[in-house]
Amino acid sequence: MQFINVTLKDNSKMTIPCNTKIVDFIKEFMVSLNKKAIAAKVDGKAVDLSAPLYRDCKLEILTYDDEEGKKIYRHSASHILAQAVKRLYPNVKLGIGPAIENGFYYDFDTENPFTPEDLEQIEEEMKSIIKEDLSFERIIVNKEEAIKIFKEHGEIYKIELIENLPQDAEISLYKQGDFVDLCAGPHVLSTGKIKVFKLLSLAGAYWRGDERNKMLQRIYGTAFLKKKDMDQYLNRIEEAKKRDHRKLGKELDLFSLQDEGPGFPFFHPKGMVIRNKLEDFWRKEHNKRGYQEIKSPIILHESLWRQSGHWDHYRENMYFTSIDNEKYAVKPMNCPGSMLIYKRKIHSYRDLPLRYAELGLVHRHELSGALHGLMRVRCFTQDDAHIFMLDSQVTDEIIGVIDLVDYFYKVFGFKYYVELSTKPENAMGSDLMWEKATDALRKALEIKGLNYKTNEGDGAFYGPKIDFHLEDSIGRTWQCGTIQLDFQMPERFDLTYIGSDGEKHRPVMIHRVIFGSIERFIGILTEHFAGAFPLWLAPVQVKIIPITQKNHEYTQKVSNELKEKDIRVETDYRNEKVGYKIRESQLEKIPYMLIIGDKEEKQGTVSVRSRKEGDIGTETVKDFMIRVLNEVENKIY
RNA sequence: GCUGAUGUGGCUCAGUGGCAGAGCAGUGCACUCGUAAUGCACAGGUCGUGGGUUCAAAUCCCACCAUCAGCUCCA
Numbered sequence: 000m001q002f003i004n005v006t007l008k009d010n011s012k013m014t015i016p017c018n019t020k021i022v023d024f025i026k027e028f029m030v031s032l033n034k035k036a037i038a039a040k041v042d043g044k045a046v047d048l049s050a051p052l053y054r055d056c057k058l059e060i061l062t063y064d065d066e067e068g069k070k071i072y073r074h075s076a077s078h079i080l081a082q083a084v085k086r087l088y089p090n091v092k093l094g095i096g097p098a099i100e101n102g103f104y105y106d107f108d109t110e111n112p113f114t115p116e117d118l119e120q121i122e123e124e125m126k127s128i129i130k131e132d133l134s135f136e137r138i139i140v141n142k143e144e145a146i147k148i149f150k151e152h153g154e155i156y157k158i159e160l161i162e163n164l165p166q167d168a169e170i171s172l173y174k175q176g177d178f179v180d181l182c183a184g185p186h187v188l189s190t191g192k193i194k195v196f197k198l199l200s201l202a203g204a205y206w207r208g209d210e211r212n213k214m215l216q217r218i219y220g221t222a223f224l225k226k227k228d229m230d231q232y233l234n235r236i237e238e239a240k241k242r243d244h245r246k247l248g249k250e251l252d253l254f255s256l257q258d259e260g261p262g263f264p265f266f267h268p269k270g271m272v273i274r275n276k277l278e279d280f281w282r283k284e285h286n287k288r289g290y291q292e293i294k295s296p297i298i299l300h301e302s303l304w305r306q307s308g309h310w311d312h313y314r315e316n317m318y319f320t321s322i323d324n325e326k327y328a329v330k331p332m333n334c335p336g337s338m339l340i341y342k343r344k345i346h347s348y349r350d351l352p353l354r355y356a357e358l359g360l361v362h363r364h365e366l367s368g369a370l371h372g373l374m375r376v377r378c379f380t381q382d383d384a385h386i387f388m389l390d391s392q393v394t395d396e397i398i399g400v401i402d403l404v405d406y407f408y409k410v411f412g413f414k415y416y417v418e419l420s421t422k423p424e425n426a427m428g429s430d431l432m433w434e435k436a437t438d439a440l441r442k443a444l445e446i447k448g449l450n451y452k453t454n455e456g457d458g459a460f461y462g463p464k465i466d467f468h469l470e471d472s473i474g475r476t477w478q479c480g481t482i483q484l485d486f487q488m489p490e491r492f493d494l495t496y497i498g499s500d501g502e503k504h505r506p507v508m509i510h511r512v513i514f515g516s517i518e519r520f521i522g523i524l525t526e527h528f529a530g531a532f533p534l535w536l537a538p539v540q541v542k543i544i545p546i547t548q549k550n551h552e553y554t555q556k557v558s559n560e561l562k563e564k565d566i567r568v569e570t571d572y573r574n575e576k577v578g579y580k581i582r583e584s585q586l587e588k589i590p591y592m593l594i595i596g597d598k599e600e601k602q603g604t605v606s607v608r609s610r611k612e613g614d615i616g617t618e619t620v621k622d623f624m625i626r627v628l629n630e631v632e633n634k635i636y
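With numbering that gives the first Met the number 0 applied, the first sequence covers 0 to 636.
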């Protein structure tokens, strides 16, 4: 008998007979993992537990606690889903069924779309497949054999996948009971290993994600080892639903979307307070940092958009109109307007860097099906800025923007991640320019000591970019800020400055946003704070609640004093019980409530209730004002 | 744009061929109240829009619009 050496994760070595199955190896030498093992990695490659060890190798056991193990577990669940569907609907054709973050899906081509009731039936069938505890068997075939097998089953999508594999490919199939699927694997040992799962939703999805292809029916599901973990996950989905800015936006009366303007949001008085506070903050911080605010028109002549390149690259997303028989376009971006302002006069190198900031309302034609509350709209306000500068100023300017982004996001308590995107396939401009620009961005990131991920080939067609993805309070990420180096616009608009040599030179330009879109940012903030905005942003900061009509006069006096200090106050003079008024203010997520009765009136105080901590005792009006003004000033959240 | 689902009073929803309903919100009256819902009464809807089928349509059929879940795309 031949023997082989197996090296484990802790570098210990074992000598075992050749062709020992991993599952047997675990039973013998790693008993503690016997129940937990899902699959294994041999020399870094994921394999089934039923695979034999036939040469010297490194062995690592994957359990549900490993990200990879979890994926394999869920992917196995997707095969069970497919088997259940085939049992119930034999004519359905299979697409693909991978594991995804938090779950899995499987795509099916079916004559009759599934209904939510069908899902229950499919779940039942999956349960019985799990009960049958069918083994996942790996079968290796060549290309011809694979095609023959799937032709017998009429699986046209699988055949298409196989045909795209190289001629000499070793093709693996997985068989459980009477069900065979094309799959690289690995899988759990048998269907019985899947403990808890749930089918979650139905959706259409294009075959291979291409909108020219047929739309298949996708079933989403998830699978966990413990019911507790699944319940927790389902709860988190519920929590996200509760925080949905569309729901909260309606409840808190911040904004609305009307049939008359799909994708064109209406901001209500309370939503406008948040908006204006964000803009005030933005203006103040930009002023401090040497930005000058501009405003360019919303409608501009078509010739401008031809010159800027938008006609060639962005026409599909633009709206057009005509005025006095001339063709005009509604701006989808602010940069061309900014270019015209730069070009209005001659600039000296001494004027640079020139930082033009613009809260610019842009309109873009988005597909109707893509619209989503404030997150995806057809008109939005970018907190844009275009910085025109000398080559030598690029790094400093980028660092300035990075610092500004960092300052802004911290104010809201967001963590964020940075990504650098490099030259794409269809880029304009020379390699040398791109290299220089990308180096400048990279250098700035390194000087700041920021960790970043590089997305090769993901830059804009006119230049590389740094993207900022912020993470909200329940762990979702959103792309907001971006810094883009742009060589095309200065070129296309023939921007110049006069250098110290008296000659004309080409300035460098960066284009950047921090909030991204004010509308989307408000959506993100709403979900991040679950509607309980920090005091400085809260549409109503203080609600004053008199206990009886006798206290109305004093209530009005307190209200006037607070308003005098620009504190946003509302008074509730309705003939209701205190508890009722408090409950309502609490649901409106108003940061402070002041309860006023005879006692307070006599003492000239107010009884303060915070939405977070409840009753926090009695204070003089003056102390309460100091408390509020301090909290606003420091943007405490 | 594509696939599927949904559309009934300000909000949340019931009503599946036979007189449009409930709760909350609103208004009026009573109670004058101490930290998350006082009681009674009243008012409010051409059932998304336009066609059609039927003695009769919120309900069945067709088209369109919007919303939702995804796909695709993206600030």
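Built from N, CA and C at the ideal position, the CB exists for glycine as well.
A residue is called buried when at least 16 other Cβ atoms come within 10 angstroms of its Cβ; C17 does not meet this threshold and is exposed. Counting along the chain, T481 sits inside the beta strand (DSSP E) bounded by residues T476 to D485. For Y591 and Y327, the gap between their C-alpha atoms comes out near 50 angstroms. Straight-line spacing of the CA atoms in L593 and H300 works out to 55 angstroms.
When the Cα atoms are used, Y496 and E569 turn out to be separated by approximately 54 angstroms.
By alpha-carbon distance to A436, the top candidate from D402, Y416, E396 and K241 is E396. Bounds of the alpha helix (DSSP H) holding L87 are E66 to L87. In the DSSP secondary-structure assignment, Q175 is bridged to F178.
Taking a cut-off of 8 angstroms on C-beta distances, the region 186-205 touches the region 34-41, as three or more cross pairs fall below it. For K70, same chain residues with a beta-carbon under 8 angstroms away, outside a window of 5 residues either side, are A98 in chain order. Per DSSP, the continuous alpha helix (DSSP H) segment holding D311 begins and ends at H309 to Y313. The Cβ neighbour count for K464, taken over all protein chains shown within 10 Å, is at least 16; the residue is labelled buried. Minimum Cα-Cα distance from R207 among the listed residues K197, Q602 and L160 corresponds to L160.
Secondary structure note for A204: its beta strand (DSSP E) is the uninterrupted segment V195 to Y205. According to the DSSP assignment, A50 belongs to no beta strand (DSSP E), since it is labelled neither H nor E.
Going by DSSP, Y63 is part of no beta strand (DSSP E) at all; its letter is neither H nor E.
Between D457 and T481, the C-beta spacing is not below 8 angstroms.
Taking every protein chain shown into account, the CB of H186 has 16 or more other CB atoms within 10 angstroms, so this residue is buried. The alpha carbon of E357 has as its nearest neighbour, out of D382, L351 and V376, the alpha carbon of D382. E325 counts as exposed, since fewer than 16 other beta carbons sit within 10 angstroms of its beta carbon. D571 and P545 have their alpha carbons spaced roughly 7 angstroms apart. Scanning its chain for C-beta atoms nearer than 7 angstroms, with the 5 sequence neighbours on each side dropped, one finds around V393 the residues A439 and V507, in chain order.
At least 8 angstroms separates the beta-carbon of Y461 from that of E418.
Taking the CA atoms as reference points, G184 sits about 8 angstroms from S171. Each of D258, S337 and H244 was checked against the Cα of Q291, and the nearest Cα belongs to S337. Assigned with DSSP and collapsed to three states, P331 falls in coil, not helix or strand. Following the DSSP letters along the chain, one finds E470 in no alpha helix (DSSP H) but inside the beta strand (DSSP E) bounded by residues K464 to E470. Less than 8 angstroms separates the beta-carbon of D47 from that of F135. Scanning H346, I513 and I218 for the CA closest to the CA of L403 turns up I513. Around T320, the same chain offers Y327 as residues with beta carbons nearer than 6 angstroms, after the five sequence neighbours per side are excluded. Contact holds between the region 531-547 and the region 577-588, because three or more Cβ pairs, one in each stretch, are under 8 angstroms apart.
Under the DSSP definition of a beta bridge, Q291 partners with Y355.
The beta carbon of D485 sits closer than 6 angstroms to the beta carbons of Y461, G462, M508 and H510 from its chain, once the five residues preceding and following it are set aside; these are given in chain order. With a cut-off of 8 angstroms on Cβ pairs, the region 75-85 is in contact with the region 123-141, counting three or more such pairs. The alpha-carbon separation between L339 and M229 amounts to approximately 56 angstroms. Under the three-pair Cβ rule at 8 angstroms, the region 522-529 counts as touching the region 240-254.
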